[in-house]
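Remarks on the structure that follows.
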Amino acid sequence: MIDVEAQPRIVAEIVMLSSSDGGRTRGITIEPDSRYMPHLAIDDRANRKAKTDANNQSLEHYMGVLFEPALSVTDPATGSGEYPLRLMYYPRVDYSTLQAGVTFTVREGGRIVGHGVVVSSTLPAKHEQSGEQ
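All letters in the sequence shown, in the order written, are residues 496 to 628 by my numbering.
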């Protein structure tokens with residue numbers, strides 16, 4: 496079992512898309528006992544289509560996260576705001592690209608439902624992750 500509290504986290508400014516823009520039918524509301532666990536993919540925030548090969552297999556690196564309650568909400572209808580995100584599968588999944596300033600899209604399967612930018616991270620530096628000194 497994963498110890499959620501022990502997992503590193505990032506803080507990100509996230510814009511959830513409205514249903515008319517291809518997003519969720521209902522916006523997100525994250526409570527302390529919520530379990531909203533989409534994936535992030537490093538991407539241009541303007542992208543609205545997942546990248547796949549001829550066999551419809553993803554060409555992108557998906558990183559599972561757990562949303563924690565918002566630090567601030569900028570759009571209550573969609574749930575857009577600033578969120579802490581737990582890096583659920585660290586260290587088995589490589590999250591090293593999630594550094595401050597990096598942009599990403601929020602995925603539910605192959606569907607892009609939001610986009611954001613990393614504000615801060617508690618992820619260990621790359622050399623700490625690999626055991627280098």
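Think of the CB as a built atom: it goes at the ideal place given N, C-alpha and C, for glycine as much as any other residue.
For residue i, the first and last residue of its enclosing beta strand (DSSP E)
i: residue 619; result: Looking at the DSSP string, residue 619 is not in any beta strand (DSSP E), and its letter there is neither H nor E.
i: residue 449; result: Nothing can be reported for residue 449, as the shown portion of the chain is limited to 496 through 628.
Under 8 Å between C-beta atoms of residue i and residue j
i: residue 509; j: residue 575; result: yes
i: residue 569; j: residue 512; result: no
i: residue 504; j: residue 581; result: yes
i: residue 535; j: residue 601; result: yes
Beta-ladder partner(s) of residue i, from DSSP
i: residue 577; result: 508, 567
i: residue 535; result: 558, 601
i: residue 497; result: According to DSSP, which records beta bridges pairwise, residue 497 is partnered with nothing at all.
i: residue 607; result: 602
i: residue 582; result: 560
i: residue 515; result: According to DSSP, which records beta bridges pairwise, residue 515 is partnered with nothing at all.
i: residue 547; result: 553
Validate contact between the segment 510 to 527 and the segment 580 to 590 using beta carbons, cut 8 Å, 3 pairs: no
Three CB pairs or more closer than 8 Å across the segment 524 to 532 and the segment 594 to 608: Contact between the segment 524 to 532 and the segment 594 to 608 is not established, with fewer than three Cβ pairs separated by less than 8 Å.
Contact between the segment 538 to 549 and the segment 613 to 620 (3+ Cβ pairs under 8 Å): Taking 8 Å as the limit for Cβ pairs, the verdict is that the segment 613 to 620 does not touch the segment 538 to 549.
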